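Novice: Heads up: the first sequence at position 168 corresponds to 167 in numbering that gives the first Met the number 0, and the numbers run straight through without jumps.
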Amino acid sequence: MPELPEVETTVRGLAASLAGARIERVQLNRADMRRPFPEGLVQRLTGARITGLGRRAKYGLIHTDRDATLVFHLGMSGRWRIDPSAPDKHDHLVLETADHTYALNDARRFGFVDLVDTPDLERWPAFAALGPEPLGPDLTADHLKRALMDRKQAIKLLLLDQGIVAGLGNIYVCEALWHARIEPRKAGGKVSKPALERLVPAIRDVLERSLGDGGSTLRDYAQPDGQLGYFATRFAVYGREDKACLREDGGTIRRFAQGGRSTWHCPRCQR
DNA sequence: CGTGTGCCCTGACAGC
DNA sequence: TGCTGTCAGGGCACAC
């Protein structure tokens, strides 16, 4: 899925035409994605004006003038299709304004949407448990030191925990650990302070460079306007099994499983 | 509490 | 215009 840069890119793409527009029509093509669509979604959104868009972790936010915010999560395969040339069988929710059509498309349906009273957003359960935004001021080596203290789980898995840092996924965790030269299997509590001091800017750098490229793209991700992101061509380790380490240290990128998911790393320079 | 496992779902691809 | 197995950007429920 879409990790933080892809969600941010999606939100910006939607905001370009959706912000300030009025939703004239709402169409549900099925009763649920990962979870049932919220009660009264069509009635509450029809006629609403979009006052702004935002993002928290990997969640996109569409604020309306009815004190309700449409929260969406893209799961693994979700994306918004703007002005699609033809309907698709995985378009589950379709919003129409006077000028555009927005289809939330998600083949695997691991994504979902919810409608939250805007004043209660911070207390929305999934938000209340989130760690700091990696691009904000609260992600520091000190925060990581505290959050990882005494944790025996591998640092790779802990960085996927949204309660420790919000918005990272498999791609950017692998990339950030390579940039910081940290061994992915190392227990979180045993990662040294200097390593954490390297990790924080490494996380920021991979996210910001990806954002600058319009996000990455794999099989089923595209920006709302159909343009592809280019960061995927710049991965150092993700998907580069058996390729040479970009540090030219003679290392070869290897893949192994952690928590049922693939980790790519260079055994030579990540220690 | 922390940790490990399996599952939700469809599609793309490799290999036969 | 096959088949089967594996893997995919996430998150949660569950067992211990």
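Beta carbons: idealized from backbone N, C-alpha and C, even for Gly. Small disclaimer: the values here were computed from a predicted structure and weren't measured.
Between which two residues does the alpha helix (DSSP H) carrying W177 extend?
Specialist: Element bounds for W177: N169 to H178.
Novice: May I ask you to check if the CB of Y58 is nearer than 6 Å to at least one heavy atom of the ligand PLP?
Specialist: The ligand PLP is not part of this structure, which contains no ligands at all.
Novice: Considering only the beta carbon of each residue, do V115 and V41 sit closer than 7 Å?
Specialist: Result no, Cβ atoms of V115 and V41 do not sit closer than 7 Å.
Novice: For G77, does the count of other Cβ atoms within 10 angstroms reach 16, so buried, or fall short, so exposed?
Specialist: Burial call: buried.
Novice: So, at 7 Å on beta carbons, what are the nonlocal neighbours of D141 in its own chain, with the 5 sequence-adjacent residues on each side left out?
Specialist: None.
Novice: Can you tell which of R203, A20 and H62 has the C-alpha that lies nearest to the C-alpha of G166?
Specialist: Looking at the Cα atoms, R203 is the closest of the given residues.
Novice: DSSP has F109 in a bridge; who is on the other side?
Specialist: None, per the DSSP bridge assignment.
Novice: Where does the unbroken alpha helix (DSSP H) through L159 begin, and where does it stop?
Specialist: Residues I154 to L159.
Novice: Identify every residue that forms a DSSP beta bridge with A243.
Specialist: Looking at the DSSP assignment, A243 forms a beta bridge with T251.
Novice: Among G213, G130, E23 and W263, which residue has its Cα nearest to the Cα of R145?
Specialist: Of the candidates G213, G130, E23 and W263, the one whose C-alpha sits nearest the C-alpha of R145 is G130.
Novice: I need the DSSP call for G12, collapsed to helix, strand or coil.
Specialist: Looking at G12 - three-state DSSP - the assignment turns out to be helix.
Novice: In this structure, what does DSSP give as the bridge partners for L94?
Specialist: According to DSSP, which records beta bridges pairwise, L94 is partnered with V25 and Y101.
Novice: Three-state secondary structure (DSSP) at L217?
Specialist: Residue confidence for L217 is low, a pLDDT of 45 falling below 50, so the modelled location carries little weight; the figure read from the coordinates is stated next. If DSSP states are grouped into helix, strand and coil, L217 belongs with coil.
Novice: Classify L206: buried if its beta carbon has 16 or more other beta carbons within 10 angstroms, exposed otherwise.
Specialist: When all chains shown are included, L206 counts as buried.
Novice: Could you tell me which residues DSSP puts in a beta bridge with Y58?
Specialist: DSSP lists R55 and H72 as partners of Y58.
Novice: Around the Cβ of D149, are there at least 16 other Cβ atoms within 10 angstroms (buried) or fewer (exposed)?
Specialist: The residue is exposed, with fewer than 16 neighbouring Cβ atoms inside 10 Å.
Novice: Return the first residue and the last residue of the beta strand (DSSP E) that R260 is part of.
Specialist: That run of the beta strand (DSSP E) goes R260 to H264.
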